[in-house]
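Chemist: Here the first sequence is numbered in our numbering, starting from 72 and rising by one per residue. First the structure, which I've put down as structure tokens, then a few questions once you've had a look.
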Amino acid sequence: MAKHAISPTRSEDYPEWYQQVVRAGELAESSPVRGCMVIKPHGFALWEQMQGILDGMFKATGHRNAYFPLFIPLSYLEQEAKHVEGFAKECAVVTHHRLELNAEGRLIPTGKLEEPLVVRPTSETIIGAMYAKWIQSWRDLPVLINQWANVVRWEMRPRVFLRTAEFLWQEGHTAHATEAEAVEETLRMLDIYATFAERDLAMPVWKGPKPASERFPGAVDTYSIEAMMQDGKALQAGTSHFLGQNFARAQQISFADAEGGESFCWTTSWGVSTRLIGGLIMTHADDDGLVLPPRVAPEQIVLLPIFRSDDDRAAVMACCESLKAKLEDCRWRNEPLRVRIDARDIRGGDKVWQHIKQGVPLRVEIGPRDLAAGAVSLTRRDASPKDRQSLPLETFVAEAANLLEDVQQQLLSRAVAFREAHSACLNSQAEIHEAFADTGTIGFAHVHVADDPAVAAALDPLKVTVRCTPMDWEDEPGTCLFTGQKVARRSVIARSY
RNA sequence: CGGGGCGUAGCUCAGCCUGGUAGAGCGCUACGUUCGGGACGUAGAGGUCGCACGUUCGAAUCGUGUCGCCCCGACCA
72 MAKHAISPTR SEDYPEWYQQ VVRAGELAES SPVRGCMVIK PHGFALWEQM QGILDGMFKA
132 TGHRNAYFPL FIPLSYLEQE AKHVEGFAKE CAVVTHHRLE LNAEGRLIPT GKLEEPLVVR
192 PTSETIIGAM YAKWIQSWRD LPVLINQWAN VVRWEMRPRV FLRTAEFLWQ EGHTAHATEA
252 EAVEETLRML DIYATFAERD LAMPVWKGPK PASERFPGAV DTYSIEAMMQ DGKALQAGTS
312 HFLGQNFARA QQISFADAEG GESFCWTTSW GVSTRLIGGL IMTHADDDGL VLPPRVAPEQ
372 IVLLPIFRSD DDRAAVMACC ESLKAKLEDC RWRNEPLRVR IDARDIRGGD KVWQHIKQGV
432 PLRVEIGPRD LAAGAVSLTR RDASPKDRQS LPLETFVAEA ANLLEDVQQQ LLSRAVAFRE
492 AHSACLNSQA EIHEAFADTG TIGFAHVHVA DDPAVAAALD PLKVTVRCTP MDWEDEPGTC
552 LFTGQKVARR SVIARSY
């Protein structure tokens, strides 16, 4: 028996470990199309859990879902200069609308489009075009819409979940009458992302504004949540953009204000993607594979019946069915527990390891011995696979929700502890160079840096960037280590995905 | 798009240098013995060796081209 289910381990080869976890956990596979992934049922179920929670949070803050076209007229993308610059290099373009068989029996594109269509890399422009039609009066505002969709960005170097040519996401697009309202919206959604990441994904994040060099093309301000992966690198896990009136001016999104004048709207956009799955993996998974926070685990508890004889089988299965029903009557964080009985006729060891690799939070074995004792054998995914405990069945039912909560908290506090252990306040250029010279113990450095191109240029040789300036941190006035400018507080700098 | 590596069974790979048209382990199927932490035995299925062209009596093996994948850079959610 291998010591670990995943080979190589994190310390042996982190990028390869990541790919093996994805594979062993049956989350996704690469596809015949370069840079695109096939999200398998377990991976998609995980995404659906995330979607469900986020969608509820969006709706609770007044947003409604809609759907806009996959194809964007080329001319739309040209409307906002910075936006063009940012996305032009990675657009898939549709130029034809028909295929014809040639003499060799090959299909040849014909029916050239008058105006090429861009497969959306993001939807600001096409949604803005509709908003320009929909919004006429200040009474029409705010417009608060979200869309769940796929987008395409033709990436040079794909990595499953982290950077693929096509990915799934949600993009919120809102229009407001005043700057203050739009800023408030931008920060509200940033907060929702941060809350979701920490409360539901057990993934601690720093949230705050990004420097100009890291801004969304066309935005006035970009805010992000940044999480630390187990190799110390930062993952931008969500972004919220204050677009000012840039798109409104470019697209004539205007309204008759209460004073009788004509004003441009203030707009925002914000999104999280299937990249979160990559973040989840690199935050919690271990050398035995996935470790899922119960809150988003498609199956929170798996019941594993163990039996040899037909008599045992009947009794054990009956016990499992009744236990499942009891557990499903329990609620944790306002939802019924998600329980599966895995009675597949495969070897017990294989079955157990499959659930380990898929990250199921709680495994419960029930065999004749347990039956006789009125007990169950419980193993937590956040503990060692050998760390199995027996407890009375009724106790388990009573404690199941608490156990899930405990696993969830355990994952969060572990991740927080990891981040703290790999973060440090640095106060000189020399310390920064030392910290990032090679793969040291420093992932995030907390430093005073100005929002200035000179900073990005100075950090570039170290492959380090300013991730964000966390808003939750205390003010701590200082001077930029690279430009000498006064800054109010520290920022996070790190290598990143 | 630059630099490096690799395409042989579902997976991981050997064979290639020194051409003679395929092998191992794992997985899969059946049966038996097993079974409370990745079992064992027996029997079996499965590959036009990425693709194309060339050299040759003969190509997985040599040459040219091409496609794809992985790693490192530049770019990005």
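Just so it is clear, CB atoms sit at the ideal spot from N, CA and C, and this is done for glycine as well.
Taking buried to mean at least 16 other C-beta atoms within 10 Å of its own C-beta, is N317 buried or exposed?
Modeler: Looking at its Cβ environment, which holds 16 or more other Cβ atoms inside 10 Å, N317 is buried.
Chemist: Going by DSSP, which residues form a beta bridge with V387?
Modeler: According to DSSP, V387 bridges with nothing at all.
Chemist: From Q91, T80, Q150 and R270, pick the residue whose C-alpha is nearest to that of Q322; which is it?
Modeler: Among Q91, T80, Q150 and R270, the Cα nearest to that of Q322 is on Q150.
Chemist: For D458 versus T466, is the C-beta distance shorter than 8 angstroms?
Modeler: Their beta carbons are not under 8 angstroms apart, which means D458 does not touch T466 by this criterion.
Chemist: If distances are taken between C-alpha atoms only, which option among P439, I412, P187 and G555 comes closest to R379?
Modeler: Out of P439, I412, P187 and G555, P439 has the C-alpha closest to the C-alpha of R379.
Chemist: Are the region 338-358 and the region 223-240 touching, with three or more C-beta to C-beta distances below 8 angstroms?
Modeler: Yes: the two stretches touch, three or more of their Cβ pairs being nearer than 8 angstroms.
Chemist: Indicate whether S295 and T257 have their beta-carbon atoms separated by less than 8 angstroms.
Modeler: No.
Chemist: Buried or exposed: W205, going by 16 or more other Cβ atoms within 10 Å of its Cβ?
Modeler: When all chains shown are included, W205 counts as exposed.
Chemist: P180: buried (16+ other C-beta within 10 angstroms of its C-beta) or exposed?
Modeler: Exposed: under 16 other Cβ atoms inside 10 Å.
Chemist: So R459 is in the beta strand (DSSP E); what residue range does that whole segment cover?
Modeler: R459 to P463 is the extent of the beta strand (DSSP E) around R459.
Chemist: Check whether the region 267-284 and the region 542-552 are in contact - that is, three or more C-beta pairs closer than 8 angstroms.
Modeler: Yes: the two stretches touch, three or more of their Cβ pairs being nearer than 8 angstroms.
Chemist: Taking P112 as the reference, which of L125, P103, I124 and V93 has the closest Cα?
Modeler: For the residues L125, P103, I124 and V93, the minimum Cα distance to P112 belongs to V93.
Chemist: Under three-state DSSP, which class holds I179?
Modeler: In this structure, I179 counts as strand in the three-state DSSP scheme.
Chemist: Where does the unbroken alpha helix (DSSP H) through S146 begin, and where does it stop?
Modeler: Looking at the DSSP string, the run of the alpha helix (DSSP H) that includes S146 is L145 to L148.
Chemist: Do E16 and L483 have their C-beta atoms within less than 8 angstroms of each other?
Modeler: Nothing about residue 16 can be read from this structure; the chain reaches only from 72 to 568.
Chemist: Would H75 and D421 be called neighbours here (beta carbons separated by less than 8 angstroms)?
Modeler: No, they are not a contact pair.
Chemist: Does the Cβ of G430 have 16 or more other Cβ atoms within 10 Å, making it buried, or fewer, making it exposed?
Modeler: Buried: at least 16 other Cβ atoms inside 10 Å.
Chemist: Measure how close the beta-carbons of L306 and S567 come, nearest whole angstrom, since I'm counting them as under 8 angstroms.
Modeler: With 8 angstroms as the limit, L306 and S567 qualify as a contact, their Cβ atoms being about 7 angstroms apart.
Chemist: Under 8 angstroms, with one C-beta from each stretch per pair, do the region 83-91 and the region 211-229 reach the 3-pair mark?
Modeler: As far as the Cβ criterion goes, the region 83-91 does not touch the region 211-229, which means the pair count is below three.
Chemist: From D531 to K160, what does the alpha carbon distance come to, in whole angstroms?
Modeler: Roughly 21 angstroms between the two C-alpha positions.
Chemist: Check R346 in the structure and name its three-state DSSP category.
Modeler: If DSSP states are grouped into helix, strand and coil, R346 belongs with the helices.
Chemist: Please confirm if the region 111-128 is in contact with the region 183-194, defined as three or more CB-CB distances below 8 angstroms between the two stretches.
Modeler: Flag = no, the region 111-128 and the region 183-194 do not touch.
Chemist: So is Q100 buried or exposed if we call it buried at 16+ other beta carbons inside 10 Å?
Modeler: The question names Gln, but residue 100 is Glu in the sequence shown. Exposed, by the Cβ-count rule.
Chemist: At what residues does the alpha helix (DSSP H) containing N221 begin and finish?
Modeler: No alpha helix (DSSP H) contains N221, which is instead part of the beta strand (DSSP E) from V214 to V223.
Chemist: What span of residues does the beta strand (DSSP E) with V447 cover, start to end?
Modeler: Segment A446 to R451, the beta strand (DSSP E) holding V447.
Chemist: Counting beta carbon pairs with one atom in the region 240-260 and one in the region 120-138, are three or more of them shorter than 8 angstroms?
Modeler: Yes, they touch.
Chemist: Among all the DSSP beta bridges, which residues are the ones paired with W205?
Modeler: According to DSSP, which records beta bridges pairwise, W205 is partnered with nothing at all.
Chemist: DSSP beta-bridge partners for C401?
Modeler: C401 is not bridged to any residue.
Chemist: If you reduce the DSSP assignment to three classes, tell me which class K281 lands in.
Modeler: In the structure shown, K281 sits in coil (DSSP, three-state: anything other than H, G, I, E or B).
Chemist: Considering only their Cβ atoms, is the gap separating Q371 from R423 smaller than 8 angstroms?
Modeler: Note on residue identity: the sequence assigns Val, not Arg, to residue 423. The answer is no: Cβ separation not under 8 angstroms.
Chemist: By the three-class DSSP mapping on this structure, what secondary structure does N498 have?
Modeler: The answer is coil: DSSP assigns N498 none of H, G, I, E or B.
Chemist: So P288 and E476 are in contact, right, with Cβ under 8 angstroms, and what is the actual spacing, rounded?
Modeler: 41 angstroms between Cβ atoms; not a contact.
Chemist: Which of the three DSSP states is assigned to P376 in this structure?
Modeler: Strand at P376.
Chemist: How would you write the range of the beta strand (DSSP E) that D292 sits in, first residue to last?
Modeler: That run of the beta strand (DSSP E) goes D292 to M299.
Chemist: Please return the same chain residues whose Cβ sits closer than 6 angstroms to the Cβ of S494, not counting the five positions on each side in sequence.
Modeler: For S494, where only same-chain residues beyond five positions count, the Cβ hits under 6 angstroms are F515.
Chemist: Less than 8 angstroms separating the beta-carbons of P213 and E252?
Modeler: Yes, these two residues count as a Cβ contact at 8 angstroms.
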